[in-house]
Ligand code: GLN
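Numbering (this note's numbering), first residue to last: 456 to 981.
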């Protein structure tokens, strides 16, 4: 019998609903339950694939090729479970399904309305088809937003229909007013009232706070909001997001949820590997500095890369300090100074012309100085272009993406992309197999010759130049078995110089950090 947990947020955005949802998933999973976590976003885009990272942070890609919200990255990193396209739903997708059905004539004779047609489609997706013990559904946005109203109406109906098979977890904020030296519960009361006004009584409240909340504050919230005291937990600021599941467990969040479902709670699971990881994290003191060369100066824009670096650091017993280096501001004159403090360089993925010359300069500097260099997607393409310009001597080498006329298109558009006109969801997306060259550094790192990794791109290494690159020292050591697309380049002579056309950062998890990130940091930490 599947049970449903709905996670909503109130008062302000950015409270970390994704972390709380992932933590609930983790805790239930460690009790032996099967779970899945899905995100419902109220915006009208079909997916975040066409959004600027400044709008919505990184775009995360599932194995089956859906471009999704970055919270799915948290779900995967925390639980180790692979998400799929059905774990990410937007208002746009809901409406598209409803409108397509209307055009097909599925509702012949009926007026199509938000209630019941749109809400029915939301409910259908919330209920899912697969067999798991718990489906955790996180609703994007904040209670009270016009956009999220149909999602909340769907939750109201499901709570009514499912009875004790549905539990609502509401995350709110308790601000601290410095001048009054007081923690304020009023915004939480209002947020809960707002939910009650929509017919939903939250069962569990998670209060985000910068300062510890006393029992009397929790008591006050409980009685004002019709919630049991044991169901009011606090989520204080933590030194690391990975401490959150443990803090939630200690306060009995999973136990409270189970009780709400009428499930016997049993013993608290020990979560040994998680605690082992936290121990390593707490004890990692030696700092290593990694330069993240990209154009979006926003924490969330390269979320999975940042997390992958941090996780790899922890398992290598070091604390990774990420220094963001804005590629748009990198010049021949300041490069030495900007990169002087880092022991490794990661060239970020991206799209379009802006900032790419700086990335190429960073690659050149790191290649010549023998500094460990990791290029991901566009980053790998920049490694190829730099090599073509400065080693092969093609000064005008470029990607067709940046210069449609370049005579040396060492990065070219993929054949299948040439006829594509729609921008949304049409890149080469999701996991593809890749065969590694025997004896290459990547084969040793993966300890395998067969891998599968996730992609998100339209452009590719141009095989016309392959021999020339290889003769001059850059090896194409990972190939797609069906198409011969080059997925990995490396310079064996260099201390550590690897570029991947795919995105390894999407599959690094807390308990299984990705081997490429692990090895990159290992080299840097030497
Ligand atoms: N813009 C490049 C391409 O489409 C790289 C994409 C990326 O870095 N994700 O091929």
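Each residue gets a CB set at the ideal place from its N, CA and C atoms; glycine is no exception. Small disclaimer: the values here were computed from a predicted structure and weren't measured.
In the DSSP assignment, residue 843 falls within the alpha helix (DSSP H) that extends over 833–845. Distances between the C-beta of residue 836 and the heavy atoms of the ligand GLN include at least one below 7 Å.
For residue 621, there is no enclosing alpha helix (DSSP H); the residue is found in the beta strand (DSSP E) stretching over 621–628.
In the displayed model, residue 599 falls within coil according to three-state DSSP, outside both helix and strand. Listed in chain order, the non-local C-beta contacts of residue 932 below 8 Å within the same chain comprise 891, 892, 895, 896, 897, 898, 943, 944 and 945, local neighbours out to five positions each way being set aside. By the Cβ neighbour-count rule, residue 665 is exposed, with fewer than 16 other Cβ atoms within 10 Å of its own.
The beta-bridge partner set that DSSP reports for residue 885 consists of 910. Taking C-beta separations shorter than 6 Å and ignoring five residues to either side along the sequence, the partners of residue 458 in its chain run 589, 620 and 716, following chain order. Remark: the shortest separation between the CB of residue 916 and any heavy atom of the ligand GLN does not fall under 7 Å.
In the three-state DSSP reduction, residue 671 falls in the helix class (H, G or I). Setting aside the 5 residues that flank it on each side, residue 809 is surrounded in the same chain by 750 and 783, each with a C-beta closer than 7 Å to its C-beta; the list follows chain order.
Cβ atoms of residue 768 and residue 802 stay farther apart than 8 Å, at about 18 Å. Using a 10 angstroms sphere on the CB of residue 477, the tally of other CB atoms reaches 16 or more, which defines it as buried. Where residue 534 is concerned, the enclosing alpha helix (DSSP H) starts and stops at 526–534. Apart from sequence neighbours up to five positions away, the residues of its chain that approach residue 866 with a beta-carbon distance below 8 Å are 836, 839, 840, 853, 854, 855, 856, 914, 915, 916 and 917, ordered along the chain. Following the DSSP letters along the chain, one finds residue 974 inside the alpha helix (DSSP H) bounded by residues 970–980. Just measuring C-alpha positions, the residue of 500, 584, 565 and 951 sitting nearest residue 551 is 500.
With a cut-off of 7 Å, the C-beta of residue 833 is classified as near the ligand GLN, since at least one heavy atom of the ligand falls inside that distance. Shown here for residue 968: same chain residues with a beta carbon closer than 6 Å to its own, the five before and five after excluded, namely 766, 767 and 770 in chain order.
According to DSSP, residue pairing for residue 799 in a beta bridge involves 745.
Using a 10 angstroms sphere on the CB of residue 920, the tally of other CB atoms reaches 16 or more, which defines it as buried. Taking each of 851, 498 and 504 in turn and checking the Cα distance to residue 547, the smallest one comes out for 498.
Counting along the chain, the unbroken alpha helix (DSSP H) around residue 509 starts and ends at 508–511. The DSSP-derived three-state label of residue 614 is helix. Taking the Cβ of residue 911 as the reference point, at least one heavy atom of the ligand GLN falls within a distance shorter than 7 Å. With fewer than 16 other CB atoms across the displayed protein chains lying within 10 angstroms of its CB, residue 922 is exposed. Taking the Cβ of residue 856 as the reference point, at least one heavy atom of the ligand GLN falls within a distance shorter than 7 Å. For residue 462, the enclosing beta strand (DSSP E) has its first and last residue at 458–464.
Taken in chain order, the unbroken stretches of alpha helix (DSSP H) that lie wholly in the region 803–828 and span 4 residues or more are 811–823. In the three-state reduction of the DSSP assignment, residue 652 falls in the helix class. Annotated as proximal: residue 610 and residue 461, with beta-carbon spacing under 8 Å.
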